[in-house]
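A short worksheet on the structure shown next.
2 protein chains.
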Amino acid sequence: MRYEELADLPCSITRPLVVLGDRWTFLVLKEAFAGVRRFNAFQNNLGIPRSRLQDRLGRLVEHGILVRQQAADGEHGEYRLSRKGHDLYPILMAVKDWGDTHMAPDGPPVHYRHRDCTGEARVTLACDCCGEAMTAHDVVPEAGPGLLVHAEAATRG
Amino acid sequence: MRYEELADLPCSITRPLVVLGDRWTFLVLKEAFAGVRRFNAFQNNLGIPRSRLQDRLGRLVEHGILVRQQAADGEHGEYRLSRKGHDLYPILMAVKDWGDTHMAPDGPPVHYRHRDCTGEARVTLACDCCGEAMTAHDVVPEAGPGLLVHAEAATRG
DNA sequence: GAATTCGGTCTCTTTTCGAGACTACTCTCG
DNA sequence: CGAGAGTAGTCTCGAAAAGAGACCGAATTC
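As you go down the protein sequences, you meet chains A and B in turn.
Taking our numbering, the leading residue of the first sequence gets 23, the next gets one more, and so forth.
Taking our numbering, the leading residue of the second sequence gets 23, the next gets one more, and so forth.
Here it is in structure tokens:
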């Protein structure tokens with residue numbers, strides 16, 4: 023089971039991707055952000071095989087990204103985004119920005135507008151200190167605490 | 023081939039994900055952003071099966087995300103990020119932010135620092151008009167030009 | 001000229017995926 | 001009550017994709 027072991031690496035890009043990186047998971051999340059909560063709604067909107075959907079929803083619940091709620095009034099359960107799941111939104115919007123730029127020859131299919139404003143949601147990468155916009159070229163990686171802990175554990179273990 | 027057909031949908035989240043959404047592609051890109059350019063380097067760093075890597079690199083080149091460069095001085099070729107590929111960086115950094123927040127109990131393994139500054143790279147979602155920070159709750163979807171063109175094509179076809 | 005390196009291919013086994021039938025429970029309506 | 005519909009979830013089985021690792025050919029090094 024080599025692939026799953028990647029989740030043990032001290033890398034904050036790799037670890038999420040081991041959970042989220044497959045055909046359907048991000049698409050399921052996209053639907054969740056669009057307000058979808060019922061099993062059949064996910065299934066109909068995406069055309070995902072039912073057993074696959076079952077699997078993915080289960081994994082997302084397991085990781086605390088979705089929360090299973092048994093609706094009060096005898097209705098069927100619902101899958102809702104947790105706080106942790108909600109925090110995934112910038113990832114989807116970053117994907118959207120890229121899609122609009124590079125895969126939408128006819129212009130954006132959907133504008134994601136700011137409520138009560140003419141503007142649109144846009145993802146930016148910036149320095150949290152000086153606020154300057156950044157690209158990959160401006161970034162210098164540097165060991166952080168999680169790496170040291172990991173190295174110590176590896177030495178002991 | 024139902025899954026690939028998702029790429030035809032007028033959705034700037036779905037379309038990129040059909041290309042990028044699988045086990046390895048984002049991880050390959052992460053390596054590319056870390057400066058990796060050689061086949062064996064990708065393979066060693068990730069532990070990805072060689073045939074799989076071959077496949078993924080090929081697809082990324084096909085989509086103009088990586089560019090195959092035959093090095094001038096008889097050396098082996100290299101895979102480099104195109105402009106289009108380079109534009110994927112915010113997605114990876116958004117994943118990184120989420121990973122740091124939710125999957126790094128010992129703190130971030132790696133800081134992505136702003137060159138010549140004490141700050142760190144951070145992804146933010148904001149309104150491109152008023153500049154205010156946004157979350158999923160502040161977003162209202164609205165039909166854009168790409169959707170209309172799509173609808174017309176569907177009507178004709 | 002033997003060994004190595006490198007990118008790449010091939011083969012075979014295992015895993016995952018996809019399609020759709022099937023189950024079980026609830027609700028509704030006559 | 002009993003038929004029909006809606007919903008969530010399971011099962012089966014053939015197809016596709018992934019994984020491990022051997023193999024190949026060209027260039028490079030020793």
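Don't be surprised by glycine CBs; every beta carbon is placed ideally from N, CA and C.
Can you list, in chain order, the residues of its chain with a C-beta nearer than 7 Å to that of residue i? Leave out the 5 residues immediately preceding and following it.
i	result
residue 130 of chain A	122
residue 99 of chain A	90, 91, 92 and 93
residue 145 of chain B	112, 115, 116 and 119
residue 43 of chain B	none
residue 149 of chain B	156
residue 86 of chain A	104 and 106
residue 143 of chain B	115, 134 and 136
Leaving aside the five residues before and after residue i along the sequence, list all residues of the same chain whose C-beta is less than 8 Å from its C-beta, in chain order.
i	result
residue 50 of chain A	64, 68, 70, 75, 78, 79 and 82
residue 169 of chain B	32
residue 25 of chain A	40
residue 88 of chain B	54, 79, 82, 101, 102, 103, 104 and 107
So what does residue i bridge to, in DSSP terms?
i	result
residue 132 of chain B	A:165
residue 42 of chain A	Its beta-bridge partners do not exist; DSSP assigns none.
residue 88 of chain B	B:103
Check the Cβ-Cβ distances between residue i and every residue of chain B, and say whether any is below 7 Å.
i	result
residue 137 of chain A	yes
residue 81 of chain A	no
residue 77 of chain A	no
residue 105 of chain A	no
Counting only beta-carbon separations shorter than 7 Å, does residue i have a partner in chain A?
i	result
residue 102 of chain B	no
residue 30 of chain B	no
residue 88 of chain B	no
residue 24 of chain B	yes
residue 142 of chain B	yes
residue 129 of chain B	yes
According to DSSP, is residue i helix, strand or coil?
i	result
residue 123 of chain B	helix
residue 145 of chain A	strand
residue 154 of chain B	coil
residue 110 of chain A	coil
residue 59 of chain B	coil
residue 177 of chain A	helix
residue 31 of chain B	coil
residue 137 of chain B	coil
residue 69 of chain B	coil
residue 96 of chain B	With a pLDDT of only 43 at residue 96 of chain B, under 50, the local geometry of the prediction cannot be trusted, and the value read off the model is given with reservation. Here residue 96 of chain B sits in coil by DSSP.
Within the same chain, show all residues whose beta-carbon is closer than 6 Å to that of residue i, passing over the 5 residues directly before and after it, in chain order.
i	result
residue 54 of chain B	103
Nearer than 6 Å: is that true of the beta carbon of residue i relative to any heavy atom of the ligand SAM?
i	result
residue 156 of chain B	For the ligand SAM, the structure offers nothing, since it holds no ligand at all.
Contacting positions in the stretch 53-74 of chain B - beta carbon closer than 7 Å to chain A: 55 and 69
When Cβ atoms are compared, which residues of the stretch 37-50 of chain A fall closer than 7 Å to chain B? Answer set for the stretch 37-50 of chain A: 37, 38, 39, 43, 44, 45, 48 and 49.
Positions along the stretch 155-179 of chain B whose CB lies within less than 7 Å of some CB in chain A: 156, 157, 158, 160, 161, 162, 163, 164, 165, 166, 167, 168, 169, 171 and 172
Going along the stretch 108-130 of chain A in order, which residues come within less than 9 Å of chain B, judged by CB to CB distance? 108, 109, 110, 111, 112, 113, 114, 115, 116, 117, 118, 119, 120, 121, 122, 123, 124, 125, 126, 127, 128, 129 and 130
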